[in-house]
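Comments concern the structure below.
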Amino acid sequence: MNKSIISLFAAVCMVFGQANAQKKVTSKKPNIVIIISDDHAFQAIGAYGGKLMPTPGIDRIANEGMVMQNAFVSNSICGPSRACILTGKHSAANGFKDNLSKFDASQDVFVRRLQGVGYQTAWVGKWHLESTPQGFDFWNILVGQGYYYNPDFIQMDGSVKRMEGYVTDLTTDIAEGWLEKRDKDKPFCLVVGQKATHRVWMPDLQDLGKFDKENFALPTNFYDNYEDRYAAAMQDMNIEKSMRLGYDLKIMQGLDMGRENLTRLNANQKKTYTDYYKGIEKEFISKNLSGKALTEWKYQRYMKDYLSTAVSLDRNVGRLMDYLDENGLKENTLVIYMSDQGFYLGEHGWFDKRFMYEESFKTPMIIRYPGVIKPGTVNKDMVMNIDIAPTALELAGIKIPKEIHGQSMLPLFQNKKKQVRDAVYYHYFEFGEHNVIPHFGVRTERYKLIRFYKGADKWELYDLQTDPREMRNLIYDPSYAGIRKELRTRLTELVTAYKDGDAAQILSADKE
Ligand code: SGN
Ligand code: CA
């Protein structure tokens, strides 16, 4: 063999070798980490332009990844949102329509398909779907809503274990513990369900008083009079009227939050906790507030406790990111930070969620996927919680079943596609706590049409461009008659496409 043939042979071997090495790298299926917080408002996140508090842990995912500025949920409430995430289907199809339901976990959930191609799967923390998780190799979940202090976790053998500590830390401990023990030769999908920032906003002891020197500006529509918006007027989630001094704001005198929330604290925890709130109570009594001053005091205290629980949440997100980065899991892992829905931080005078108005309809969703998503990207396409399942499936190389309503977001990550949908469908079914009248509707980039039913038969129409705070119901405005008709047609199409029987029945009975 002459020299040139030998070097040609060597070059060919090298190229093949490289190609093989590359194939090995790329054929290693990516890991998936989904952190789902509870009731975390995008208004309280730096990456969304929120000025209420710093969120370095969450912002880090944004700085290294992509902020979805228009991420929506199908049904703005806890259990139903989680069911949508697991199935990729709207509530009418996955059957978990309200928090009173029990999730049929034997249905087609994306994690089971991941298991089928070699993934290890786990869900830790808040689950709130009532049934036993299926499709997970490991789970360790809070009982129901869970408690902030010394919460109970259900183990895989069905036993319940009380763990000493603060729920956000404990959930991260369990997540890291599982990551340590997993089979490191296999890809994994881990879902971390955090309880924070859910009511009744009990901060970690180290975070008590973090915002006491702050005075938060009232949202511009805090004193909303709900004119022409019947359901908005009927709700029971108003800071002025519905927020309870003893329960929500921990005024010890009238303490009706007691029950287990407080009795679970051990002696040391209780001392620090009650010392702090007794101080607040003293200040409250000395002020002898009434009217607007009382309402605004309530708002300030609400914000302080809510944001304090978010401090621990953000710290624990940062901690999990540290774990991933320090353990060589940065490059080949898709990380999604999201909430189960958005939340009102005083907009329209409210706390809680449920409505199709922007603050609760939208959820924070921030995604990191190094090598695919360019750091610091902002995306404005309308995506949804039902898009998580198809995204995970496509990432794992699994064909997306046609029954799934969501769309894979992978083309958006790679900037290959402009949008995955032109309209978002919403349906909130529950009619109970907080008295929000059930409704369904459609949102396009600019407009929103809502149909309320059960508590009242009402339509609402908003032009988000001219009225982003949704204060003017344009349903009877003749200059919007054409838009109303178009949206109504689109709504009917979506109801039909998603086979939402309840909504279809209402629409077909409507005259228009
Ligand atoms: C609890 C809360 C409500 C909250 C629901 C649903 N009340 O019932 O304020 O709207 O959860 O929240 S509480 O007195 O128990 O705090 S969800 O996030 O689980 O859907
Ligand atoms: Ca929730």
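Under the numbering used here, the letters of the sequence shown match residues 889 to 1400, in that order.
Where is the CB? At the ideal position from N, CA and C, for every residue including glycine.
If you're wondering where the values come from, they're calculated on a predicted model, not measured in any experiment.
Discussion item. Beta-carbon within less than 6 Å of A971's beta-carbon, same chain only, minus the 5 sequence neighbours each way: which residues are those?
Written reply: Residue mapping note: residue 971 aligns to position 83 of the sequence shown, counting from 1. Excluding sequence neighbours, A971 sits near N982, F984 and F991.
Worksheet item: Considering only residues of the same chain and omitting the five flanking positions on each side of I1286, which have a CB-CB separation below 7 Å?
Response: The count along the sequence shown starts at 1 and reaches residue 1286 at position 398. Hits under 7 Å: R1001 and V1005.
Fill in: ligand 2 heavy atom lying under 7 Å from the CB of C972
The sequence position of residue 972 within the sequence shown is 84, counting from 1. No; taking the cut-off as 7 Å, the Cβ of C972 has no heavy atom of ligand 2 nearer than that.
Practice prompt. Quick one: residues in its chain with C-beta nearer than 7 Å to the C-beta of D1193, no 5 flanking neighbours on either side, listed in chain order?
Written response: Against the sequence shown, residue 1193 aligns to sequence position 305. Cβ within range, chain order: W1089 and P1091.
Worksheet item: At a cut-off of 7 Å, is I923 close to ligand 1 when judged by its beta-carbon and the heavy atoms of the ligand?
Response: Within the sequence shown, residue 923 is the residue found at index 35, counting from 1. Not so, every heavy atom of ligand 1 lies at least 7 Å from the Cβ.
Worksheet entry | Enclosing beta strand (DSSP E) for V1330 [first to last residue] | For the purposes of this step, residue 1330 is identified with residue 442 of the sequence shown, where counting begins at 1. Where V1330 is concerned, the enclosing beta strand (DSSP E) stretches over H1327 to R1331.
Worksheet entry | C-beta contact flag for G846 and L1017 at 8 Å | Limits of the chain in this structure are 889 at one end and 1400 at the other, which puts residue 846 out of reach.
Worksheet item: Got a sec: does ligand 1 put a non-hydrogen atom nearer than 7 Å to the Cβ of D986?
Response: The count along the sequence shown starts at 1 and reaches residue 986 at position 98. The answer is no for D986.
Discussion item. If distances are taken between C-alpha atoms only, which option among I1062, I1127, L1283 and N963 comes closest to Y1007?
Written reply: Position 119 of the sequence shown, counted from the first residue, corresponds to residue 1007. With distances taken between Cα atoms, Y1007 lies closest to L1283.
Practice prompt. Thinking V1266 and Q957 are a contact (beta carbons under 8 Å), I'd like their distance in whole angstroms, please.
Written response: Walking along the sequence shown from the start, residue 1266 turns up at place 378. Walking along the sequence shown from the start, residue 957 turns up at place 69. The pair is a contact, with the Cβ atoms about 6 Å apart (cut-off 8 Å).
Worksheet item: Hey, would you say the C-beta of H1086 is under 7 Å away from at least one heavy atom of ligand 2?
Response: Within the sequence shown, residue 1086 is the residue found at index 198, counting from 1. It does: the Cβ of H1086 is within 7 Å (strictly closer) of some heavy atom of ligand 2.
Discussion item. I'd like to confirm something about Q1229: is its beta-carbon nearer than 7 Å to some heavy atom of ligand 2, or not?
Written reply: Within the sequence shown, numbered from 1, the residue matching residue 1229 stands at position 341. At least one heavy atom of ligand 2 is nearer than 7 Å to the Cβ of Q1229, so yes.
Worksheet item: For the alpha helix (DSSP H) that contains A1369, what are its first and last residues?
Response: The residue labelled residue 1369 in the question sits at position 481 within the sequence shown. Where A1369 is concerned, the enclosing alpha helix (DSSP H) stretches over A1369 to A1385.
Fill in: Through-space distance from G1023 to V997, alpha-carbon basis
Residue mapping note: residue 997 aligns to position 109 of the sequence shown, counting from 1. Residue mapping note: residue 1023 aligns to position 135 of the sequence shown, counting from 1. About 7 Å.
Worksheet item: Among I1276, H1086, N963 and K1346, which has the Cα closest to the Cα of D1398?
Response: The count along the sequence shown starts at 1 and reaches residue 1398 at position 510. Looking at the Cα atoms, K1346 is the closest of the given residues.
Worksheet item: Among R1203, Q1094 and T1251, which has the Cα closest to the Cα of I924?
Response: Here residue 924 refers to the residue found at position 36 of the sequence shown. Of the candidates R1203, Q1094 and T1251, the one whose C-alpha sits nearest the C-alpha of I924 is T1251.
Practice prompt. Ignoring anything shorter than 3 residues or poking outside the stretch 988-1071, list the beta strand (DSSP E) runs there in chain order.
Written response: 1008-1013, 1026-1030, 1040-1042 and 1048-1050
Discussion item. Judging by CA-CA distance, which residue of F1243, G1216, F1249 and F1301 is the nearest neighbour of R1256?
Written reply: Taking the first residue of the sequence shown as position 1, residue 1256 is located at position 368. Minimum Cα distance to R1256 is reached at F1301.
Practice prompt. Give the secondary structure of A981 by DSSP, where H, G and I count as helix, E and B as strand, and everything else as coil.
Written response: The residue you call residue 981 lines up with position 93 of the sequence shown. Correct three-state label for A981: helix.
Discussion item. Whole angstroms are fine: how far does the CA of Y1341 sit from the CA of E1318?
Written reply: On the sequence shown, position 430 is the one that residue 1318 refers to. On the sequence shown, position 453 is the one that residue 1341 refers to. Their backbone Cα atoms lie some 11 Å apart in a straight line.
Discussion item. I'd like the span of the alpha helix (DSSP H) that includes R1207, first residue to last.
Written reply: Position 319 of the sequence shown holds residue 1207. Taken as a continuous stretch (DSSP letters only), the alpha helix (DSSP H) holding R1207 covers G1179 to E1214.
Worksheet item: In or out: Q1094 buried (at least 16 other Cβ within 10 Å) or exposed?
Response: Along the sequence shown, read from residue 1 onward, the residue named residue 1094 stands at position 206. Classification of Q1094: exposed, given that the 10 Å Cβ count is below 16.
Fill in: 8 Å contact criterion, which Q1157 and D926 should meet: CB distance rounded
The sequence position of residue 1157 within the sequence shown is 269, counting from 1. The sequence position of residue 926 within the sequence shown is 38, counting from 1. Not a contact, Cβ separation roughly 21 Å.
Worksheet item: Is there contact here, the stretch 1258-1273 with the stretch 1296-1311, by at least three beta-carbon pairs under 8 Å?
Response: yes
Worksheet item: I1325: buried (16+ other C-beta within 10 angstroms of its C-beta) or exposed?
Response: Within the sequence shown, residue 1325 is the residue found at index 437, counting from 1. I1325 is buried by the Cβ-count criterion.
Practice prompt. Output the boundary residues of the alpha helix (DSSP H) element that contains M1253.
Written response: The residue labelled residue 1253 in the question sits at position 365 within the sequence shown. No alpha helix (DSSP H) contains M1253, which is instead part of the beta strand (DSSP E) from M1253 to R1256.
Practice prompt. State yes or no: is the beta carbon of K1262 nearer than 8 Å to at least one beta carbon in chain B?
Written response: You won't find chain B in this structure, because it holds only one protein chain.
Worksheet entry | Pair within 8 Å by beta-carbon distance, V1048 and N1028 | Within the sequence shown, the letter at position 160 stands for residue 1048. Within the sequence shown, the letter at position 140 stands for residue 1028. Not in contact: V1048 and N1028 (Cβ atoms no closer than 8 Å).
Worksheet item: W1066: which of N1176, D1025, R1050 and H1086 sits nearest, CA to CA?
Response: Position 178 of the sequence shown, counting from 1, holds the residue named residue 1066. Residue D1025 is the option with its Cα nearest to W1066.
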